[in-house]
Each structure stands twice: as C-alpha cells, then as structure tokens.
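Student: Position one of the sequence shown corresponds to residue 150 (the working numbering), numbered consecutively onward.
Have a look at the structure that comes next, please.
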Amino acid sequence: MFNETLGIIGGTGWLGGAIAKAVLAKALVPAGNLVISNRSGSHPLAQHGVGLVADNQDLVDCSDVVIIAVRPEHFASLNINASGKTVISLMAGITAHAIAAQTSASAVVRAMPNAAVEIEQSFTPWYCFGEVEGAIKIIVQRLFECVGSAAEVQQEDFIDYLSALSGTGPAFPALLMTALANQAMVAGIPAEIAQLAAKNVVVNSSQLLASHDAQQMIDALVAYRGVTAAALRAMTQGHFEEQIGRALLAGAAVARRGLKA
Numbered sequence: 150m151f152n153e154t155l156g157i158i159g160g161t162g163w164l165g166g167a168i169a170k171a172v173l174a175k176a177l178v179p180a181g182n183l184v185i186s187n188r189s190g191s192h193p194l195a196q197h198g199v200g201l202v203a204d205n206q207d208l209v210d211c212s213d214v215v216i217i218a219v220r221p222e223h224f225a226s227l228n229i230n231a232s233g234k235t236v237i238s239l240m241a242g243i244t245a246h247a248i249a250a251q252t253s254a255s256a257v258v259r260a261m262p263n264a265a266v267e268i269e270q271s272f273t274p275w276y277c278f279g280e281v282e283g284a285i286k287i288i289v290q291r292l293f294e295c296v297g298s299a300a301e302v303q304q305e306d307f308i309d310y311l312s313a314l315s316g317t318g319p320a321f322p323a324l325l326m327t328a329l330a331n332q333a334m335v336a337g338i339p340a341e342i343a344q345l346a347a348k349n350v351v352v353n354s355s356q357l358l359a360s361h362d363a364q365q366m367i368d369a370l371v372a373y374r375g376v377t378a379a380a381l382r383a384m385t386q387g388h389f390e391e392q393i394g395r396a397l398l399a400g401a402a403v404a405r406r407g408l409k410a
C-alpha cells in the first residue's frame with residue numbers, strides 16, 4: 150500500500166472506473182487517498198470513502214499522481230495545471246511532450262491499457278518522459294498490475310505500435326472468432342454450432358497458450374501432418390503473418406498521426 154494520493158480524471162468512465170475499482174480491491178492505496186472527478190459530484194465509489202470532486206483542477210491540487218483517463222479529443226479542453234506532479238496519460242495519440250507542455254507536469258508517463266482492464270487481464274506497456282523517480286515507477290508498475298500485467302518500454306514510439314497490438318484488446322480475437330464462425334456457416338454448419346465451435350477455439354482452447362510455447366505448439370502440430378497442419382499451411386501460404394503486420398502498421402500510423410494532430 151502506498152501513501153501517495155492518486156487522482157483519476159475520468160475516474161467514473163469505463164477505463165478510469167475499472168482502474169479505480171481495482172486499485173481499491175487490491176488495496177494499492179487507501180480509499181481516502183483516491184480521488185476521482187465527476188461533473189455531477191456524485192458517484193457510488195464515494196460510499197467507499199473515495200474522494201469525489203466536480204472540478205479537475207481541485208483533483209490535481211490534492212493529488213500527488215494524476216491519471217488522465219479521458220478520450221484524446223477531450224484533452225485540448227482539459228485545462229489543468231499539474232506543475233510539480235506526475236501525470237499518467239491513458240490517451241492514445243498524444244505525445245508525452247504535448248501533455249507536459251499543456252499541463253506543466255514535471256514528469257509524464259504514457260500508458261496503453263486495453264478493454265481487458267474490466268476483467269483485470271490487460272497488458273499495459275508504459276513509457277516515462279522527464280525525471281520519473283524510482284518510487285513513482287514502482288507505483289506505476291503496481292498500478293497496472295492491479296488490472297493485469299505491465300512492462301516499461303524505453304521508446305515512446307513503442308507505445309504507438311503497441312496501441313495497435315495490445316491496446317486493441319479483444320479486437321483481433323473477436324475478428325478471428327467471427328471469421329471462423331462465418332466460414333463454418335458458409336460450409337453449411339448451423340449458426341449456433343458454428344458460433345459455439347469458434348468461441349471454443351478462441352476463448353477456451355487458446356488458454357493452453359498460458360502454459361505452452363506458441364511456436365513449439367505450431368511446430369508440433371505441423372510435424373504431425375494432419376488436419377491442423379493443412380489448415381496452418383493454407384494460412385501461411387496466404388501470407389497470414391504479413392497481413393497481421395500490415396494491420397499493426399496501419400493502426401500504429403493512426404496513433405502517430407494523432408500525435409501530430
């Protein structure tokens with residue numbers, strides 16, 4: 150447990166709210182050391198002893214570390230002075246330099262969690278800009294471990310690329326599951342069975358990867374020269390990995406264009 154005061158701008162939204170609840174559940178900070186902002190000035194979290202303010206500057210003034218969990222397009226109108234504070238940004242496409250310039254923060258951490266924060270299974274990469282103390286880095290790591298796993302990266306550009314990889318959360322698995330189900334239905338499989346089979350592949354069977362090396366599993370299945378090998382070979386010959394690469398580059402390009410907007 151840390152004694153610093155943590156403020157979350159956007160702490161009642163889906164992302165900020167999930168982090169706030171996890172921080173409380175994992176006892177990272179005492180409830181009295183967590184402050185969230187809400188225009189209405191009311192929220193159920195207040196019943197647990199969490200501080201609630203209607204003004205973002207009031208939140209900044211009473212916090213040691215400030216998390217900005219708002220949509221990127223709302224940042225321009227977020228008029229706060231965080232001089233002397235550490236700001237953690239969860240916004241895609243806005244550089245640490247731009248955040249520091251607008252907020253006057255002494256240090257900025259850019260982080261990119263994903264929708265799996267809701268089930269505490271997000272992977273969150275984070276990057277430090279400015280003089281971020283070791284104690285603050287420990288807090289940042291522990292903060293994002295409350296909602297999954299996390300790792301510091303040494304280049305800000307990695308955050309933009311990972312926005313398209315881990316930041317997309319369940320998007321790629323959802324696309325795969327939909328494609329598998331649709332193709333099964335094209336083959337004449339009833340919709341209910343097709344969807345159940347596809348969900349088993351993506352959601353259930355993939356849990357084996359938690360305890361198995363992915364490449365070793367692929368190599369073993371290909372070596373068996375069976376049905377799975379034929380399917381994997383067709384995907385490989387169809388340049389599956391190259392398509393994934395193009396998808397990631399396209400997403401990262403959007404993030405980088407946002408940085409310059």
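A virtual CB, placed ideally from N, CA and C, is assigned to each residue, including glycine.
What you are looking at is a predicted structure, and each value in this text was computed from that prediction instead of being measured.
Taking three-plus beta-carbon pairs below 8 Å as touching, is the segment 152-161 in contact with the segment 205-225?
Tutor: yes
Student: How is Pro274 classed by DSSP in three states: helix, strand or coil?
Tutor: Reduced to three states, the DSSP call for Pro274 is strand.
Student: Taking the alpha helix (DSSP H) that Arg291 falls in, what are its first and last residues?
Tutor: That run of the alpha helix (DSSP H) goes 283-294.
Student: Considering Gly156, what are the terminal residues of the beta strand (DSSP E) in which it resides?
Tutor: 155-158
Student: From the DSSP output, in three-state form, read off Thr252 for me.
Tutor: helix
Student: My output table needs one value for Glu301: the three-state DSSP class, helix, strand or coil.
Tutor: strand
Student: Using three-state DSSP, classify Leu177 as helix, strand or coil.
Tutor: In this structure, Leu177 counts as coil in the three-state DSSP scheme.
Student: As a quick exercise: from Leu358, Glu282, Thr252, Phe293, pick the residue whose alpha carbon is nearest that of Asn263.
Tutor: Phe293
Student: Suppose the cutoff is 6 Å on Cβ atoms and the five residues either side in sequence are ignored; what does the same chain contact list for Ser186 look like?
Tutor: Ile158, Val202, Asn205, Leu208
Student: Please confirm whether Ser271 and Gly400 have their CB atoms less than 8 Å apart.
Tutor: no
Student: Among His223, Ala323, Arg406, Ala347, which residue has its Cα nearest to the Cα of Gln332?
Tutor: Of the listed residues, the one whose Cα sits closest to Gln332 is Ala347.
Student: Could you check which residue in Ala180, Trp163, Gly165 has the C-alpha nearest to that of Phe151?
Tutor: Ala180
Student: Under 8 Å by Cβ, that's how I've got Arg374 and Glu305 pegged, so tell me the actual separation to the nearest angstrom.
Tutor: About 45 Å separates the two Cβ atoms, so there is no contact after all.
Student: Report the CB separation of Thr317 from Ala299 in whole angstroms; it is logged as a contact under 8 Å.
Tutor: About 17 Å separates the two Cβ atoms, so there is no contact after all.
Student: With H, G and I counted as helix, E and B as strand and the rest as coil, what does DSSP make of Thr235?
Tutor: strand
Student: Please report the straight-line C-alpha distance between Leu370 and Val302, rounded to a whole angstrom.
Tutor: The straight-line gap separating the alpha-carbon atoms of Leu370 and Val302 is approximately 34 Å.
Student: Since Val266 is in the alpha helix (DSSP H), which residue starts that stretch and which ends it?
Tutor: Note, Val266: premise wrong, no alpha helix (DSSP H); not H, not E.
Student: DSSP three-state label for Val209, please.
Tutor: helix
Student: Let me make sure I understand the geometry here. Which of Ser226, Asn228, Lys175, Ala169 has the alpha-carbon closest to that of Val199?
Tutor: Ala169
Student: Buried or exposed for Val296, please, with buried defined as at least 16 other CB atoms from any protein chain shown within 10 angstroms of its CB.
Tutor: Result: buried.
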